[in-house]
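The structure under discussion appears below in the form of structure tokens.
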Amino acid sequence: MVRRGVAGMVAALALGFLVAAIGFIGFLSQLRGAEIKPERQADGIVVLTGGSSRVSDAVELLASGYGRRLLISGVHPTNDANDISRSLPEARSFIACCVDLDYSAINTRSNAAQTRRWAHERGFKSVIVVTSNYHMPRAIVELSHAMPDIDLIPYAVVGERWRDEPWWTSGPTLRLLLSEYAKYVAAEVRVRLADLGLDLAPEGEPPSGALAHRPATAQAN
Numbered sequence: 024m025v026r027r028g029v030a031g032m033v034a035a036l037a038l039g040f041l042v043a044a045i046g047f048i049g050f051l052s053q054l055r056g057a058e059i060k061p062e063r064q065a066d067g068i069v070v071l072t073g074g075s076s077r078v079s080d081a082v083e084l085l086a087s088g089y090g091r092r093l094l095i096s097g098v099h100p101t102n103d104a105n106d107i108s109r110s111l112p113e114a115r116s117f118i119a120c121c122v123d124l125d126y127s128a129i130n131t132r133s134n135a136a137q138t139r140r141w142a143h144e145r146g147f148k149s150v151i152v153v154t155s156n157y158h159m160p161r162a163i164v165e166l167s168h169a170m171p172d173i174d175l176i177p178y179a180v181v182g183e184r185w186r187d188e189p190w191w192t193s194g195p196t197l198r199l200l201l202s203e204y205a206k207y208v209a210a211e212v213r214v215r216l217a218d219l220g221l222d223l224a225p226e227g228e229p230p231s232g233a234l235a236h237r238p239a240t241a242q243a244n
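Heads up: the sequence shown at position 60 corresponds to 83 in the numbering used here, and the numbers run straight through without jumps.
Okay, here's the thing in structure tokens:
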């Protein structure tokens, strides 16, 4: 009897590992290994802060005419348009006229909420999403759920680490991917349950110090 129980546990663990491995492979198949320009223009562009060269790539898309305005979502409270202008001096004119800054978002879910507000207030029907390739699957899950009426066009930024060496040869990259995969699965489960009317983690107010407000137009001096 005990042996059957142990065998059952081992079989369940093996099955769980197999399902997780297949899911991880599916997750990896969504990650682009090279940056590909969007196939078409959109009303707006949103960049989710947190990874190298995301903002510069988004500003480049704006300057190339891929969108009318750019939202930088998740800006650190100590940064402003002047900081962005100093890091991207060639894009100063675009930052002054066509960039909005969101200081409220603190995670991918609140990125989606603030992007929804911005897109709806601007009357946008399509948005190019700029974030790192490993973050894109979860970002699209959150954004699609937050604003199903908006056409989302992904633009995945590929970092130098990803280009320089295969992910399976780098411990830090593998840990990053496994962590992101777990967050992606959690987001998928929560969104699917919410679609069934079971919102186990309703979207609440931002914590103290991150009060929600409308994205501000960048004003670089």
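Ideal Cβ positions, reconstructed from N, Cα and C, are used throughout, including at glycine.
This structure is a prediction, so every number in the text was calculated from the model and none was measured.
Going by the CB atoms, is the gap between Val98 and Pro124 shorter than 7 Å?
It should be noted that the sequence gives Leu, not Pro, for residue 124. Yes, the pair counts as a contact, with Cβ atoms nearer than the cut-off.
For Val164 versus Val208, is the C-beta distance shorter than 7 Å?
Contact: no.
Could you check the C-alpha separation between Gly74 and Ile107 for me, to the nearest Å?
About 15 Å.
Would you say Val150 and Ile129 are within 7 Å of each other, going by their C-beta atoms?
Contact: no.
Can you tell which of Gly67, Ala81, Thr101 has the C-alpha that lies nearest to the C-alpha of Arg92?
Considering only alpha carbons, the answer is Gly67.
Is Gly31 helix, strand or coil by DSSP?
Here Gly31 sits in helix by DSSP.
Excluding five sequence neighbours on each side, which residues of the same chain lie with their C-beta closer than 7 Å to the C-beta of Val180?
Contacts found: Glu58, Gly74, Ser76, Arg77, Asp80, Val153, Thr154, Ser155, Asn156.
Whole angstroms is fine: what's the gap from Ala210's alpha carbon to Arg161's?
Taking the straight line from one Cα to the other gives about 7 Å.
Tell me whether Ser193 sits in a helix, a strand or coil according to DSSP, three-state version.
It is coil, neither helix nor strand.
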